[in-house]
Amino acid sequence: QEKWCHLSAALLGEDSEISQDQLYELLKYAALGKCHNAAQPSWCHIYHQSHLAGVVVVVVHEMSQLHFYRFYLQFKHLRKVFRHRFTLAPSANFPVSLYGEGANLKPQNTPQGLTSTSSECTTKSADLQCDPIIQRYGGKKQGLTSYTLTLEEQKLNDYPIEGSPGCQGYISTECDQQRTDSSPLFGLDCEMCLTAKGNEVTRVSLVDARGQCLLNELVKPESTVLNYRTRFSGITRKMLLPVKTRLSDIQTRLKKMLPHDAVLVGHSLNSDLQALEMIHPSVIDTSLLFARNEGRRFKLKFLAKAVLGKEIQCEQKLGHDPTEDARAALELAQFFIEQGPTKVAELNLEMLLTAEKLAEVSQNKAALQPQGCGFQEQLNEPPPLSKPCFLDCLQVTGQKPLLLGRQGLDSSGLCQSNLSTSNKQILQRALEDVPLSKFSIIQFSLGPEYLASHLHAGLYEKVRSKLTDMLTIYAGPFEENFCMKSVKKEFGRCGPIQSLTVVTETFQPYVCIQYEVLEAAQLAVESLNGAEVAGSCIKVQRPVTAAMLDCNVLIKELELDVENEGVIYVAGLKKSLTETDLQEEFSQLKDLETLFLPKDLQSGKHRNCCFLKFQKTQSAVDALEAINGWTMKGSELRSRNALAPGHLWRWIWQMNHSNGKQGKHIFYEKMEQLSKCEQDLRKKVKKLDHHIKKLYRSLQNNTLCIILFPGVNSTHGSQSGLGLMGIKDDEGRSAC
1 QEKWCHLSAA
11 LLGEDSEISQ
21 DQLYELLKYA
31 ALGKCHNAAQ
41 PSWCHIYHQS
51 HLAGVVVVVV
61 HEMSQLHFYR
71 FYLQFKHLRK
81 VFRHRFTLAP
91 SANFPVSLYG
101 EGANLKPQNT
111 PQGLTSTSSE
121 CTTKSADLQC
131 DPIIQRYGGK
141 KQGLTSYTLT
151 LEEQKLNDYP
161 IEGSPGCQGY
171 ISTECDQQRT
181 DSSPLFGLDC
191 EMCLTAKGNE
201 VTRVSLVDAR
211 GQCLLNELVK
221 PESTVLNYRT
231 RFSGITRKML
241 LPVKTRLSDI
251 QTRLKKMLPH
261 DAVLVGHSLN
271 SDLQALEMIH
281 PSVIDTSLLF
291 ARNEGRRFKL
301 KFLAKAVLGK
311 EIQCEQKLGH
321 DPTEDARAAL
331 ELAQFFIEQG
341 PTKVAELNLE
351 MLLTAEKLAE
361 VSQNKAALQP
371 QGCGFQEQLN
381 EPPPLSKPCF
391 LDCLQVTGQK
401 PLLLGRQGLD
411 SSGLCQSNLS
421 TSNKQILQRA
431 LEDVPLSKFS
441 IIQFSLGPEY
451 LASHLHAGLY
461 EKVRSKLTDM
471 LTIYAGPFEE
481 NFCMKSVKKE
491 FGRCGPIQSL
501 TVVTETFQPY
511 VCIQYEVLEA
521 AQLAVESLNG
531 AEVAGSCIKV
541 QRPVTAAMLD
551 CNVLIKELEL
561 DVENEGVIYV
571 AGLKKSLTET
581 DLQEEFSQLK
591 DLETLFLPKD
601 LQSGKHRNCC
611 FLKFQKTQSA
621 VDALEAINGW
631 TMKGSELRSR
641 NALAPGHLWR
651 WIWQMNHSNG
661 KQGKHIFYEK
671 MEQLSKCEQD
681 LRKKVKKLDH
691 HIKKLYRSLQ
701 NNTLCIILFP
711 GVNSTHGSQS
721 GLGLMGIKDD
731 EGRSAC
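In structure tokens:
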């Protein structure tokens, strides 16, 4: 049965702003998996990464989070498909901060300045045929018995063999049953010290196929110890003083523990068996399995890092850990068997080793650099890069990334400038070439004319103004001497209020209330319109402006937003309630996954509302019915479907507290120019959404797709970016 990849990300809260480093972390793991020291990202989790069909990153230059919400209704595809959305911290040099420094990825000189992958498969195939792993094992996957050493190979590599000179008195494991491809694997490693007799065992570790430790025992040598080799073995005189176990005890235990068809795995396992004075007929030696030319061998430490992404034999530790080494050798053999020789050859270990050595040389140079050297010298001899480009690692493994775009990125060399190439042409090439590449970066562009500071200031002011109107409601009419305290209390049950003022321009008093969250304003309109408040039957409505004419449509679309599926808003909470209290109170609700309790970003105090995310949409519907009218600690709760995704909450709060300071004078001066520009933008945005929709539909299932609006970071001000991501499933949507 096919394993489907899926993605989980805890992005409900107001802290869902993702840094460039965190995004880099995600892309590196998605591209490389456990290889090359890539680890699961700290802020989200990719399940079954090895089953990803590919990774596609779409970068839309000159766009920010501001554009997405200004043209929210135009982005029909993006808002309906991608389940995970996050605010992206703006960067002065987006490509470098995203892909890593030192990227050597200039596209070839193909028509329209676009990259091409048409000849890569042939070249890659020819290169692989020369790989010593392919030459030794062929390219097809085989069972484990194909990788055990033959008797001749054991003789050639100094393995103890029955009847061989120097093996008199050696003990056989008596594992003489016929091996099959389902025979059990065991990892073995020993630490030795130098005695008057030669190398003698001081510690033995054995792990089973699941990596569980079966044996980890100190052993007292028979002869006088000349050198404990503590730096490598970790063994000291003090450690061995109380030890009673002798080599004969270990031999007996190993004979009992190993089944008759056991296959032992180790790195240069001949040394371990010689020190144990034991003979075993079936072995896999990882120092020979990962074959090299001219009889050279990779070190276990390097293989663990390059293939498994694991750091072992760290310098901070005193000596090697034999259990860690035995487990690493076992996992390397399992990787080789499961993935097959071709996949291993594609890792291009020789190139990785060369790159590692060059990095060490650079680090040594940097360490020897005298302090106080001139600035020019520092420019000529830069320190080693703290974040190497993972795309270079991909190229080293033979998986050349695909780069398409027209955006000039001279600072990183990621893409050639070719301003004659249109987004439509880029799309056409993407549809042809993306299926041929495991990692693709597609760059669309609005055009440099949309980077003008007054356009961003104008858009910002329009979005801020519209959000303010959507957060604002008017209630009334009230009697002349109405109780303001009663009004504040009643409307406060809908959510946190930012301001409450009396409107004096009307014949009878009205109240203008501005909330902090969209859900609160909508809840007030829905639940208090026509209600009796402070002794008056009142009408509750939003401001009537040109920008608000599509408010109801926008509210409906926000409610249907894929990111709000299974999320409900609950108001009327007492501020004294802690998150623990709420977890206990809501624990009876079925399938509750996450509780987010917003807080004031200045004071840090909790607000009187929360968001609940459920694993299933129906559970959220059931919870809505249960919570409305529910009394908690003497306070009546009100709830509705969520409208604003978690990442948007902080942004709304910041806009609420900015008081429209960003370029308001520019906005009014350039009104006419902005209006025309905005009309053009709407058309471009609609086309871009359609391009991305077309590209997305062409992707294979199990493809991770990430859409990035980089944001703006300039001397005129900054705007946060936005990321949307998901793994395509068989219904064409992004799987969670």
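If you use UniProt numbering, the sequence shown corresponds to residues 1 to 736, in order.
The C-beta atom is built at its ideal place from N, Cα and C for all residues, glycine as well.
Note that the structure is predicted; figures quoted are calculated from it, not measured.
State the DSSP-derived secondary structure class of residue i, mapped to helix, strand or coil.
i: Tyr-47; result: strand
i: His-77; result: helix
i: His-84; result: strand
i: Glu-490; result: helix
i: Tyr-569; result: strand
i: Lys-106; result: Reliability of the predicted coordinates at Lys-106 is poor, the pLDDT of 45 falling under 50, and the value obtained from them is presented with this limitation in mind. Three-state result, Lys-106: coil.
i: Leu-643; result: coil
i: Met-470; result: helix
i: Lys-424; result: helix
i: Gln-541; result: strand
i: Arg-210; result: coil
i: Glu-222; result: coil
i: Glu-532; result: strand
i: Thr-354; result: helix
i: Ser-248; result: helix
i: Arg-179; result: coil
i: Lys-67; result: The amino acid occupying residue 67 in the given sequence is His; Lys does not appear at that position. It is helical.
i: His-61; result: strand
i: Glu-217; result: strand
Would you please state the rounded distance, in angstroms, between the beta carbons of residue i and residue j? I believe it to be under 8 Å.
i: residue 744; j: Tyr-474; result: Because the chain here runs from 1 to 736, residue 744 falls outside it and cannot be looked at.
i: Ala-333; j: Val-265; result: 5 Å
i: Val-225; j: Thr-245; result: No, Val-225 and Thr-245 are not in contact; Cβ-Cβ is about 15 Å, not under 8 Å.
i: Gly-711; j: Pro-41; result: 20 Å between Cβ atoms; not a contact.
i: Ala-39; j: Tyr-29; result: 6 Å
i: Val-263; j: Arg-179; result: 6 Å
i: Tyr-170; j: Pro-341; result: No, Tyr-170 and Pro-341 are not in contact; Cβ-Cβ is about 33 Å, not under 8 Å.
i: Leu-612; j: Leu-592; result: 6 Å
i: Ala-524; j: Val-503; result: With a Cβ gap of about 16 Å, Ala-524 and Val-503 do not count as contacting.
For the alpha helix (DSSP H) containing residue i, list its first residue and its last residue.
i: Val-307; result: It is not in any alpha helix (DSSP H) - Val-307 carries neither H nor E in the DSSP assignment.
i: Glu-625; result: 617 to 627
i: Gln-22; result: 20 to 32
i: Gln-274; result: 269 to 276
When the Cα atoms are used, what is the spatial distance from residue i to residue j?
i: Ser-635; j: Phe-68; result: 37 Å
i: Ala-547; j: Lys-686; result: 19 Å
i: Gly-295; j: Lys-343; result: 22 Å
i: Leu-273; j: His-51; result: 38 Å
i: Phe-478; j: Leu-528; result: 14 Å
i: Ala-306; j: Cys-705; result: 26 Å
i: Val-207; j: Pro-401; result: 38 Å
i: Pro-645; j: Asn-564; result: 6 Å
i: Val-58; j: Leu-643; result: 26 Å
i: Gly-163; j: Lys-155; result: 11 Å
i: Pro-384; j: Tyr-228; result: For Pro-384, the pLDDT reaches just 42, beneath the cut-off of 50, and the residue's location in the model is therefore unreliable, leaving the point undetermined.
i: Gln-378; j: Ser-64; result: Residue confidence is low: Gln-378 scores 38 on pLDDT, short of 50, so the model does not pin down where it sits. Its coordinate-derived value is still stated next. Between Gln-378 and Ser-64, the C-alpha separation is close to 35 Å.
i: Leu-149; j: Cys-314; result: 30 Å
i: Lys-424; j: Lys-633; result: 59 Å
At a cut-off of 7 Å, would you count residue i as near the ligand MG, judging by its Cβ distance to the nearest heavy atom?
i: Asn-348; result: Looking at this structure, you won't find the ligand MG or any other ligand, since it has none at all.
What's the call for residue i, buried or exposed, on a 16-neighbour Cβ count within 10 Å?
i: Gly-198; result: exposed
i: His-48; result: exposed
i: Met-484; result: exposed
i: Asp-550; result: exposed
i: Ser-587; result: exposed
i: residue 738; result: No statement about residue 738 is possible, as the shown extent of the chain runs from 1 to 736 and does not include it.
i: Thr-545; result: exposed
i: Gly-723; result: buried
i: Leu-560; result: exposed
i: Leu-241; result: exposed
i: Ser-486; result: exposed
i: Asn-481; result: exposed
i: Thr-323; result: buried
Provide the residue span of the beta strand (DSSP E) that contains residue i, from first to last.
i: Gln-508; result: No beta strand (DSSP E) holds Gln-508; DSSP gives it neither H nor E.
i: Cys-705; result: 703 to 709
i: Leu-592; result: 592 to 596
i: Asp-285; result: 283 to 285
i: Cys-193; result: 185 to 195
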